[in-house]
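As structure tokens, the structure follows; a few thoughts come after it.
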Amino acid sequence: MLRHWYDIDSDLAVMNEMRRRLEGLFNEYGPRQATTMSSTWPRSNLFDAGNSIIAMLEVPGLKEEDIEIEAHQDVLTISGERKILAPEGYRAHRNERRGQRFSRSFGLPCKVDLEKTKATLKDGILKIQMEKAPESQPKKITVSVD
């Protein structure tokens with residue numbers, strides 16, 4: 009049997025559509041990570057503000073008791089759990105937001121003074137301000153004329 013190229017293209021198009029649909033099905037009903045979120049959640053920024061290092065993380069819906077912050081040597085770790093519960097007396101009909109644990113670790117660019125570190129949570133943004141250790145803070149050097 010002699011097949012034409014256009015027949016093969018048609019067959020490949022059908023197979024590609026089937027692959028696309030199966031991927032969608034597996035993504036919707038396939039296994040999910042039940043205990044840990046992706047290593048990129050919560051989304052974060054790390055800034056050098058001169059005398060301090062500032063970490064800002066998006067943690068919508070979390071309360072201060074849901075978050076744990078630890079620093080060990082030059083690594084900052086933020087972990088916790090996002091809990092999603094139906095209000096009392098209600099039953100969930102759709103549950104796309106799952107409660108999950110998370111953990112993010114960041115290598116700090118310098119030594120910080122942990123005694124002067126402050127963390128605040130406001131409007132779903134966790135801000136951690138870490139003052140640089142004295143030896144890590146910028147110093148001005150004056151120029152003298154010989």
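In the numbering used here, the protein residues as written are 9 to 154. Heads up, the beta-carbon is just placed ideally off N, CA and C, and yes, glycines get one too.
Can you tell me which of the options puts its alpha carbon nearest to the alpha carbon of residue i?
| i | options | result |
| --- | --- | --- |
| residue 137 | 100, 32, 28 and 61 | 61 |
| residue 63 | 74, 71, 72 and 51 | 51 |
| residue 49 | 72, 104, 21 and 112 | 112 |
| residue 147 | 123, 58 and 71 | 58 |
| residue 121 | 80, 75, 55 and 128 | 80 |
Can you tell me which of the three DSSP states residue i falls into?
| i | result |
| --- | --- |
| residue 166 | In the structure as shown, the chain starts at 9 and stops at 154, and residue 166 therefore has no counterpart that could be examined. |
| residue 153 | coil |
| residue 127 | strand |
| residue 73 | helix |
| residue 141 | coil |
| residue 96 | coil |
| residue 32 | helix |
Are the beta-carbon atoms belonging to residue i and residue j less than 8 Å from one another?
| i | j | result |
| --- | --- | --- |
| residue 110 | residue 84 | no |
| residue 139 | residue 125 | yes |
| residue 65 | residue 86 | yes |
| residue 134 | residue 67 | yes |
With residue i as the anchor, note down where its beta strand (DSSP E) starts and where it stops.
| i | result |
| --- | --- |
| residue 111 | 108–115 |
| residue 66 | 60–66 |
| residue 88 | 83–90 |
Looking at the strands, I want to know which residues DSSP matches up with residue i.
| i | result |
| --- | --- |
| residue 101 | Bridge partners of residue 101: none, in fact. |
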